[in-house]
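If you count the sequence shown from 1, you need to add 123 to reach our numbering. We put the CB at the ideal spot given by N, CA and C, even for glycine. This one's a predicted model, so the numbers in the text were calculated from it and none came from an experiment. These notes concern the structure reproduced below.
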Amino acid sequence: MAAQNKPSLRGGTTKQTAETKRNVEPGKKQAVQKETSLRGQDARRNDAATSSKQTVQSKRNAKSKEPRIPALRFKEFEGEWEKVKFGKLAEFKNGLNFGKEQEGTGLKVIGVGDFKNHMSISYDSLSKVNIPESHKEAFLLKDNDLLFVRSNGNKDLIGRALFLNKVKEEIGYSGFTIRARFNQGLEIHPYFYAIFFKSAAPKKQFLLLGGGTNISNLNQQILSGLEIPKPSLPEQQKIASFLSAVDKKIQQLTKKKELLEDYKKGVMQQLFTGKLRFKDEYGNEFPDWEEKRLGEVMQLPEKVKPTNFNVDKLLTVKLHTKGLFKNNNTESLKLGATNYFVRRKGQFIYGKQNLFNGAFGIIPDEFDGFYSSGDIPSIDFIPKKVVPNFVLFYLSRKNYYSRLENIASGSGSKRIHEKTFLEIKVKFPSLEEQQKIANYLSAIDTKIEAVNQQIEKTQEFKKGLLQRMFV
């Protein structure tokens, strides 16, 4: 990856070591650390005598001793970074408030749901809101604006930021967000600050200024009081340029993954509707597909309860064909209230209440012997009757599995029981053609997973840079 070529970076130093020699002998370095530790003890003893202001003063003391030199830095830059209040660099404005009756047409609006973990977003699929022309001017976004999540049901999202670029149409923003617009005439690079707000550094201050770990609302006062770094403009530009290359690589990989996923969807649609057919090894057509009930190629297994129940071996199924995972949400589990059954590798498993939401998969080797409740049953494939992955891919089309809600029964939470599932009719090709189809689609999945691993690796690389390049 081009962005991962080692830049001309060097490790930073604290103010203390910067004012002495660059290369500190090990013995001297230890002495400095010991002296710092002693000073910390004195500070704590002083704080103990300051009555009700003890905690606040301690935080201020700790804050004043924080180094202002990043741990990782381009070698041509030296000295401490200046720190300024965010309110000195930008002005803030809360977003539009509107009712559901106004949604549907009009101005495109960025809401909390559009943030996710993006640096910036596409404006094509934004929701629209109908507001008066006279009212919308004050809420239009411009290039280089930053947008923050102000409030949300998920507290982890508070303070999440978006960078606005290439704004070529009228775009607004919702009342659950706050806009930051940089003042004119300052030596700042907006994208540098967009990157800074993706690091862990501002999150700590959000919590401190917001009253602690339970911050549930970000406001203009908190943003304005945030202390943010202000290195020289050339250093801002250098950092922004370098990390922009990393972001570009992530975007390219993400686009590649999306194209592969779209290709797979298109191929599946053609394969399972008979518009695209494989031929045998001699170039001849395979026989016509034959409609069968799933019960002709699958069967219910014997129900076996675990002898020694292990709470760490519970299975659950993700929605939208995302596969299986170990259920870690076991704190409130009532073992006596639910029956659990042993599941085996290679079995088909699904959620009775969410089969039509894509909650199904094939149990992989690593989950052999795990268990699930009766609401997440497993079903055996009959050997030499069917290729298991063919069935999995056949059912995995969203426009197919979403229609299965029609066969769900019950009031309230509808379920698709095992006997109903086995009555589902599917068109099957010969076993040889099933295998060819399964192999072809599995190969695409392998490519998608390889790209996904590249994305994750690059994101981790970026995360490491953010941790060391900002103070």
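Tell me the rounded alpha-carbon separation between residue 460 and residue 371. Here the C-alpha atom of residue 460 lies approximately 51 Å from the C-alpha atom of residue 371.
Given a threshold of 16 other Cβ atoms within 10 Å of its Cβ, counted over all protein chains shown, does residue 386 qualify as buried or as exposed? By the 10 Å Cβ count, residue 386 comes out exposed.
Going by the DSSP bridge assignment, what does residue 449 pair with across the sheet? According to DSSP, residue 449 bridges with 438.
Is the Cβ-Cβ distance between residue 195 and residue 591 less than 7 Å? Less than 7 Å divides the Cβ of residue 195 from the Cβ of residue 591.
If you run the structure through DSSP and keep just helix, strand and coil, what is residue 150? Model confidence at residue 150 stands at a pLDDT of 41, short of 50, so the residue's coordinates are unreliable and nothing is read from them.
Once DSSP output is grouped into helix, strand and coil, what is the label at residue 574? In the structure shown, the three-state DSSP call for residue 574 is helix.
Nearest neighbour of residue 106, chosen from 505, 503 and 550 [CA to CA]: In the structure displayed, the chain extends from 124 to 594; residue 106 sits before or after that span and is not available.
Does the contact criterion of 3 or more C-beta pairs under 8 Å hold for the segment 429 to 444 versus the segment 502 to 513? Taking a cut-off of 8 Å for Cβ pairs, the segment 429 to 444 and the segment 502 to 513 do not touch, as fewer than three such pairs fall below it.
Would you kindly report the start and end of the unbroken beta strand (DSSP E) that includes residue 515? Note, residue 515: premise wrong, no beta strand (DSSP E); alpha helix (DSSP H) at 511 to 518.
Rounded to a whole number of angstroms, what is the C-alpha to C-alpha distance between residue 264 and residue 392? Computed Cα separation, rounded: 40 Å.
Assigned secondary structure, residue 553 (DSSP; H/G/I helix, E/B strand, else coil): It is coil, neither helix nor strand.
CA-CA distance, residue 313 and residue 359? Distance between the alpha carbons of residue 313 and residue 359 is about 9 Å.
What number of angstroms, rounded off, separates the C-alpha of residue 509 from the C-alpha of residue 418? Just so you know, the alpha carbons of residue 509 and residue 418 end up roughly 11 Å apart.
Would you report the Cα separation of residue 367 and residue 317, rounded to the nearest angstrom? Their backbone Cα atoms lie some 10 Å apart in a straight line.
Could you tell me which of 320, 259 and 304 sits nearest to residue 280, measuring between CA atoms? The closest CA to that of residue 280, considering only 320, 259 and 304, is found on 320.
Please state the DSSP three-state secondary structure of residue 282. Under the three-state reduction of DSSP, residue 282 is assigned to coil, being neither helix nor strand.
Roughly how many whole angstroms lie between the Cα atoms of residue 286 and residue 594? Rounded to whole angstroms, residue 286 to residue 594 spans 20 Å at the Cα level.
CA nearest to the CA of residue 413, picked from 512, 552 and 425: Proximity to residue 413 across 512, 552 and 425 peaks at 552, based on C-alpha coordinates.
May I ask you to report which of helix, strand or coil DSSP gives residue 420? The answer is coil: DSSP assigns residue 420 none of H, G, I, E or B.
Between the CA atoms of residue 568 and residue 296 - distance to the nearest angstrom: Taking the straight line from one Cα to the other gives about 37 Å.
Do residue 282 and residue 341 have their beta-carbon atoms positioned less than 7 Å apart in this structure? The answer is yes: Cβ separation under 7 Å.
Assuming contact is defined by CB atoms lying nearer than 7 Å, are residue 515 and residue 485 in contact in what I supplied? A contact, by the Cβ cut-off of 7 Å.
For the beta strand (DSSP E) that contains residue 233, what are its first and last residues? 226 to 233 is the span of the beta strand (DSSP E), which, as asked, contains residue 233.
Start-end ranges of the beta strand (DSSP E) lying completely within the segment 190 to 218, minimum 3 residues: If we require 3 residues or more, the beta strand (DSSP E) runs fully inside the segment 190 to 218 come out as 195 to 197, 205 to 208 and 213 to 217.
In this structure, does DSSP put residue 547 in helix, strand or coil? It is coil, neither helix nor strand.
Candidates 248, 220, 243 and 545: closest to residue 259 by CA position: Of the candidates 248, 220, 243 and 545, 220 places its Cα closest to the Cα of residue 259.
N-terminal and C-terminal residue of the beta strand (DSSP E) that residue 352 is part of: First-last of the beta strand (DSSP E) with residue 352: 350 to 353.
What three-state label does DSSP hand residue 539 in the structure shown? Residue 539 falls in the coil class under three-state DSSP.
In whole angstroms, give me the CA-to-CA distance for residue 571 and residue 227. Straight-line Cα distance between these residues: approximately 35 Å.
From 252, 365, 526 and 384, pick the residue whose C-alpha is nearest to that of residue 585; which is it? For the set 252, 365, 526 and 384, the Cα lying nearest the Cα of residue 585 is the one of 365.
Quick check on this structure: which residue in 463, 490, 403 and 301 has the alpha carbon closest to the alpha carbon of residue 448? In terms of Cα proximity to residue 448, the closest of 463, 490, 403 and 301 is 490.
Alpha carbon to alpha carbon, how far is residue 511 from residue 534? Cα to Cα, the separation comes out at about 32 Å.
Buried or exposed: which applies to residue 556, given that a residue is buried once 16 or more other Cβ atoms fall within 10 Å of its Cβ? Residue 556 is buried by the Cβ-count criterion.
Tell me, please, whether the segment 204 to 217 touches the segment 302 to 312 by the rule of three or more beta-carbon pairs shorter than 8 Å. Segments in contact, yes.
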